[in-house]
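Protein chains in written order, with numbering that gives the first Met the number 0: chain A, 0 to 296; chain B, 0 to 307. Below is one structure, written out as structure tokens, with a few remarks after it.
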Amino acid sequence: MAGRFAKTPHVARKEIAESIARGIFGLMSAAMILPLVLIVGYLVVRAWPVLSWEFLLDVPKRGMTDGGIWPAFVGTLYLVGISLLVSTPIGVLAAIYLNEYAKDNWFNRLVNLAVINLAGVPSIVHALFGLGAFVYAARFGYSILSASLTLAIMTLPVIIASTREALASVPMAFREACWNVGATRWQTVRAVVLPNSISGILTGVILQVSRAAGETAPVMFTGAVFFKAVERGDLFPYGLTDQCMALSMHLYTLATQVPNVKEALPYATAVVLLGSVLLVNATAIFVRIWLRNRKKW
Amino acid sequence: MSAEPRARTARAVRPRAAVLAEKALEAVIRLSGVSAIVFVAAIFFFVLREAAPVLFSEGFSLKQFLFSTEWYPTSATNVRYGTFALTVGTVSVTALAMVLAVPFGLGAAIFLSEFCSPRVRETLKVVIELLSAIPSVVWGFVGLTVMSKLIVSATGAPVGVNVLNGGIILALMSVPVIVSIGEDALKAVPDSFREAGVALGATRWQLVYRVLLPAAKNGLLAAVLLGVGRAVGETMAVLMATGHAVHIPGSLLDSVRTLTANIAAELGEAPSGSDHYRVLFLTGTLLFLITLVVNLTADFVVRGIRRK
Chain A
0 MAGRFAKTPH VARKEIAESI ARGIFGLMSA AMILPLVLIV GYLVVRAWPV LSWEFLLDVP
60 KRGMTDGGIW PAFVGTLYLV GISLLVSTPI GVLAAIYLNE YAKDNWFNRL VNLAVINLAG
120 VPSIVHALFG LGAFVYAARF GYSILSASLT LAIMTLPVII ASTREALASV PMAFREACWN
180 VGATRWQTVR AVVLPNSISG ILTGVILQVS RAAGETAPVM FTGAVFFKAV ERGDLFPYGL
240 TDQCMALSMH LYTLATQVPN VKEALPYATA VVLLGSVLLV NATAIFVRIW LRNRKKW
Chain B
0 MSAEPRARTA RAVRPRAAVL AEKALEAVIR LSGVSAIVFV AAIFFFVLRE AAPVLFSEGF
60 SLKQFLFSTE WYPTSATNVR YGTFALTVGT VSVTALAMVL AVPFGLGAAI FLSEFCSPRV
120 RETLKVVIEL LSAIPSVVWG FVGLTVMSKL IVSATGAPVG VNVLNGGIIL ALMSVPVIVS
180 IGEDALKAVP DSFREAGVAL GATRWQLVYR VLLPAAKNGL LAAVLLGVGR AVGETMAVLM
240 ATGHAVHIPG SLLDSVRTLT ANIAAELGEA PSGSDHYRVL FLTGTLLFLI TLVVNLTADF
300 VVRGIRRK
């Protein structure tokens, strides 16, 4: 076969280098999958003995060494829900400002930098802020309100970033067409931009839920407590100024603070937390894929 | 004569109320737009406000705070607040995490952007997104249970919660950031660069090595910096996975405590308004400034390539 196009040693060498590079980089990528699968798998196996609906609905018993996680689960729902009520409007409006109104000047570059930095502030610093600002300065005390507001500010960059992306994906020509029939800027946003990006914004809200549900440090010092007595299966156990339990903090407590806890209990708590978060994220991913396939431009 | 001529054709006039409502709404939009600045400023202000009194109090020296390794906040006779050992803890864990995460992260970014098929890319991106969604307290729990056992049985170390454990956990946590930003950076290199390379007979690897890496250098650097930012600021995972020893680690198997973990561990016990409490807020201010610098640098570096 050594015809006119036989490989010179140089070409053969570079092809070998090529496959080695491809192999190494491929393995490095595959290495991402491994921890995800192993972690989820291991946690589920260890949690299996106590994993049931009963575990979700029951309250902690015998000094938290037995029983379920209901108060913590509901507490997380409260914290996430209230933080969402605060941060979604602000975040969406901020994204509309940045994408639809803001001119490219020094001030708006500063706003952009602020968004980037807000995303980079460590969670424990958010906790300190929540403690200083909401618990003490605003006198909300250690409460669901303080914790939710802290979470809201912490997750604001998530909703701003994904809403901006959704808004930016609406073609400029749509807006121009609308302006040309005499619509104002806001009318354009309302009639053209928002309807065409609403599912993208929704994805952002979903991601925000997952982020807020998993955070521990910001709620730990602003309103979440180790234990709070709650009726089994009670959906409305907390008031706005009450302290509450939270799933993420409950996991931390079980793993580090409670002696003689039933073996599978922290694992099961971790599985519920991780499962909820991954489920929420998977939903966001599906919405996004469905959206992309449906898009006509 | 007849009535005055109707000078102008009637313009469709919007009701005054609608115009006003729109003005009001736009004001709210602008207000929300600047809220990010307000919040960042508020975070700095409120954290510093709680910390400030101790800065001017007697017996506190900033030099001791930054450079002393002696952290005895509750000592009855001689209270000392030196955070240097904590800083070294943060640096050592972060450095190890980066040593592990940067090659993997950049390698995966290169694979995603240059080598793999669209289908594989989509799958891997989903995996990376899920990986980045795992809450830090779950990572911490994994470090505390799974990883520490693995480390003890592999190295024979007396305790499994140490620099190595924290570094591995932080590496897993910061890899997704590095991959996604790194891939963006590679994608930002114009296709004409690739076409020119391919036209000269370059293989993909030669293309990556000779053309794309130099061209995307700044974006990749920014990816690494954001990974560092994530690792430095991480709290719950390192709190649970690195052990609680406040000292300068001599080896990978020593336990350490980081700046973030220290705040989380002691804030609950420090009485509000005490010096100890204020010093913890001061540590928070320090962390805020560190991540501010890291993030601004990353943004600056990225902007640098866009100018070009």
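Note that beta-carbon positions come from the ideal geometry of N, C-alpha and C, so glycine has one too.
Tell me, please, whether the CB atom of residue i is closer than 8 Å to any CB atom in chain A?
| i | result |
| --- | --- |
| M235(B) | yes |
| R48(B) | yes |
| I150(B) | no |
| D183(B) | no |
| D253(B) | no |
| M239(B) | yes |
| W70(B) | no |
| I36(B) | yes |
| N294(B) | yes |
| S56(B) | no |
| I247(B) | no |
| F192(B) | no |
| S31(B) | yes |
| G283(B) | yes |
| L24(B) | yes |
| M0(B) | Confidence in M0(B) is poor, its pLDDT being 45 and thus under 50, which makes the residue's placement unreliable; the coordinate value appears in the next sentence. For M0(B), the answer is no, since every Cβ of chain A falls outside 8 Å of its Cβ. |
| G106(B) | yes |
| R15(B) | no |
Enumerate in chain order the residues of its own chain whose CB-to-CB distance from residue i is below 8 Å, with the five nearest sequence positions on each side excluded.
| i | result |
| --- | --- |
| Y251(A) | T215 and M219 |
| S147(B) | V158, G159, V160, N164 and A240 |
| R209(B) | G196 and A201 |
| D233(A) | W69 and V73 |
| L266(B) | Y276 and L279 |
Flag residue i as yes if its beta-carbon sits less than 8 Å from any beta-carbon of chain B, otherwise no.
| i | result |
| --- | --- |
| R163(A) | no |
| M0(A) | At M0(A) the pLDDT is 48, less than 50, meaning the model places this residue with poor confidence; the figure from the coordinates comes in the next sentence. Not an interface residue. |
| M244(A) | no |
| G213(A) | yes |
| P194(A) | no |
| S168(A) | no |
| K13(A) | yes |
| V276(A) | yes |
| G119(A) | yes |
| I38(A) | yes |
Looking only at C-alpha atoms, which of the options sits nearest to residue i?
| i | options | result |
| --- | --- | --- |
| L239(A) | M63(A), V257(A), S82(A) and R21(A) | S82(A) |
| C243(A) | Y141(A), V286(A) and F285(A) | Y141(A) |
| L252(B) | V207(B), G155(B) and S179(B) | G155(B) |
| L92(A) | P217(A), T255(A) and V188(A) | V188(A) |
| V260(A) | G25(A), H249(A), M63(A) and V208(A) | M63(A) |
| T284(B) | V39(A), T7(A) and H125(A) | H125(A) |
| F44(B) | R231(A), L109(A) and G129(A) | G129(A) |
| A324(B) | R45(A), A146(A), E175(A) and V110(A) | The structure shown does not extend to residue 324(B), since chain B is modelled only from 0 to 307, so the question has no answer here. |
| V12(B) | T183(A), Y41(A) and Y266(A) | T183(A) |
| E17(A) | A153(B), L24(B) and F114(B) | F114(B) |
| W204(B) | K6(A), F24(A) and F4(A) | F24(A) |
| L281(B) | V178(B), L149(B), T82(B) and V27(B) | T82(B) |
| P194(A) | R174(A), V208(A), V58(A) and L277(A) | R174(A) |
Pop quiz: residue i and residue j are said to be a contact at Cβ under 8 Å. What is the actual Cβ separation, rounded to whole angstroms?
| i | j | result |
| --- | --- | --- |
| T290(B) | P121(A) | 6 Å |
| L84(A) | A211(A) | Between A211(A) and L84(A) the Cβ distance is about 11 Å, and since that is not below 8 Å, they are no contact. |
| V158(B) | G242(B) | 6 Å |
| L295(B) | L76(A) | That pair is no contact at about 36 Å. |
For residue i, collect the residues of the same chain with a Cβ closer than 6 Å to its Cβ; drop the 5 residues on either side in sequence, then sort them by chain order.
| i | result |
| --- | --- |
| A297(B) | A221, L224 and L225 |
| R120(B) | L111 |
| I168(B) | W138, G142, A236 and A240 |
| G90(A) | L155, I158 and I159 |
Measuring from the CB of residue i, is there a heavy atom of the ligand SAM at a distance below 7 Å?
| i | result |
| --- | --- |
| S161(A) | Ligands are entirely absent from the displayed structure, and the ligand SAM is therefore not among its contents. |
By Cβ distance below 7 Å, which residues in the same chain neighbour residue i in space, the five residues on each side in sequence not counted?
| i | result |
| --- | --- |
| S173(B) | A96, A100, G226, R229 and A230 |
| L55(A) | G67, I68, W69, F72 and V271 |
| A167(A) | N98 |
| I123(A) | A216 |
| I247(B) | T68, A84 and V87 |
| G40(A) | none |
Taking Cβ-Cβ distances shorter than 7 Å, what residues in chain D pair up with residue i?
| i | result |
| --- | --- |
| G238(A) | No chain D is present in this structure, whose protein chains are A and B. |
Residues within the stretch 121-154 of chain A neighbouring chain B, beta-carbon criterion of under 8 Å: P121, S122, I123, V124, H125, A126, L127, F128, L130, G131, A132, Y135, A136 and I152
Chain A contacts made by the stretch 131-143 of chain B, where a contact means CB separation under 8 Å: A132, I133, P134, S135, V136, V137, G139, F140, V141 and L143
Looking at chain A, which residues of the stretch 263-274 of chain B have a Cβ within less than 9 Å of any of its Cβ atoms? Listed in sequence order: A263, L266, G267 and S271.
Can you pull out the residues from the stretch 205-236 of chain B whose beta carbon lies closer than 9 Å to at least one beta carbon of chain A? Q205, V207, Y208, L225, G228, R229, V231, G232, E233, T234 and M235
Under 9 Å, CB to CB, which of the residues in the stretch 62-88 of chain B have a partner in chain A? none
Against chain B, which members of the stretch 77-96 of chain A pass a CB distance test of less than 7 Å? I89, L92, A93, I95 and Y96
Contacting positions in the stretch 173-192 of chain A - beta carbon closer than 7 Å to chain B: T183 and W185
What residues from the stretch 2-36 of chain A come within 7 Å of chain B, judged by C-beta to C-beta, listed N to C? K13, E14, A16, E17, A20, R21, I23, F24, G25, M27, S28, A30, M31, I32, P34 and L35
To be precise: take each residue of the stretch 279-295 of chain A, compare its Cβ to all Cβ atoms of chain B, and keep it if any distance is under 9 Å. Which residues remain? V279, N280, A281, A283, I284 and I288
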